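Participant: So that we are looking at the same thing, I have put the structure below in structure tokens.
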Amino acid sequence: MSISCISCNYAITEPLCANCVVDQVKVWFYERRIKQKIIRQINSRLKDLLNYVDELDFFVTPFEDLNEDSIMKCIKCNEEMRLMCFYCVSNKTSQIVKNSLKSKEVIESFEESFNTGFYDYSLDRVENLIVKPIAN
Numbered sequence: 002m003s004i005s006c007i008s009c010n011y012a013i014t015e016p017l018c019a020n021c022v023v024d025q026v027k028v029w030f031y032e033r034r035i036k037q038k039i040i041r042q043i044n045s046r047l048k049d050l051l052n053y054v055d056e057l058d059f060f061v062t063p064f065e066d067l068n069e070d071s072i073m074k075c076i077k078c079n080e081e082m083r084l085m086c087f088y089c090v091s092n093k094t095s096q097i098v099k100n101s102l103k104s105k106e107v108i109e110s111f112e113e114s115f116n117t118g119f120y121d122y123s124l125d126r127v128e129n130l131i132v133k134p135i136a137n
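Residue numbers for the sequence shown follow the working numbering, so the first one is 2 and each next one is one higher.
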């Protein structure tokens, strides 16, 4: 028995949390020449995404009682995992970033750095994965 992502309904197999995904995007920003106004706008939307993910239930392994040891931890930061998979977080993060950037070169650099085509392709057939605008 496996635990499914709340967004795509696939099994959660990559134990990397939303905070670590977003942190990598933020590191990427500071290595590029992007206007601070755009970065602030993207950071605000990414914060909204993280708040949404933080409201989800924890990823609890199905064979354990609910205790500290039964909650899956992120392999990078060792924080508790929520019920949204790495792929959905990456996809939603990618859409936020690409919708906010204007420069084709910067978008292409982002797509290359984060392999966004893989996540878009892997998830585009999932009916309930429509990314809704994040409320401001």
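All residues carry an ideal CB built from backbone N, CA and C; glycine is no exception. Source: prediction; values computed, not measured.
Please report how far the alpha carbon of I13 lies from the alpha carbon of F30, in whole angstroms.
Facilitator: 27 Å
Participant: Which one or two residues does DSSP pair with F45 in a beta bridge?
Facilitator: According to the sequence shown, residue 45 is Ser rather than Phe. S45 is not bridged to any residue.
Participant: Exposed or buried, which one is R41 when buried takes at least 16 other CB atoms within 10 Å?
Facilitator: It is exposed - the Cβ of R41 has fewer than 16 other Cβ atoms within 10 Å.
Participant: If you draw a straight line from the alpha carbon of R34 to that of C86, how long is it in whole angstroms?
Facilitator: 30 Å
Participant: Starting from Y31 and walking both ways along the alpha helix (DSSP H), at which residues does that stretch end?
Facilitator: A19 to Y31
Participant: Apply the 10 Å Cβ neighbour rule to S104 and answer buried if 16 or more other Cβ atoms are within range, or exposed otherwise.
Facilitator: exposed
Participant: For E80, which residues of its own chain have a beta-carbon under 6 Å away from its beta-carbon, when the five flanking residues on both sides are left out?
Facilitator: C18
Participant: Within 10 angstroms of its Cβ, does S114 collect 16 or more other Cβ (buried), or is it exposed?
Facilitator: exposed
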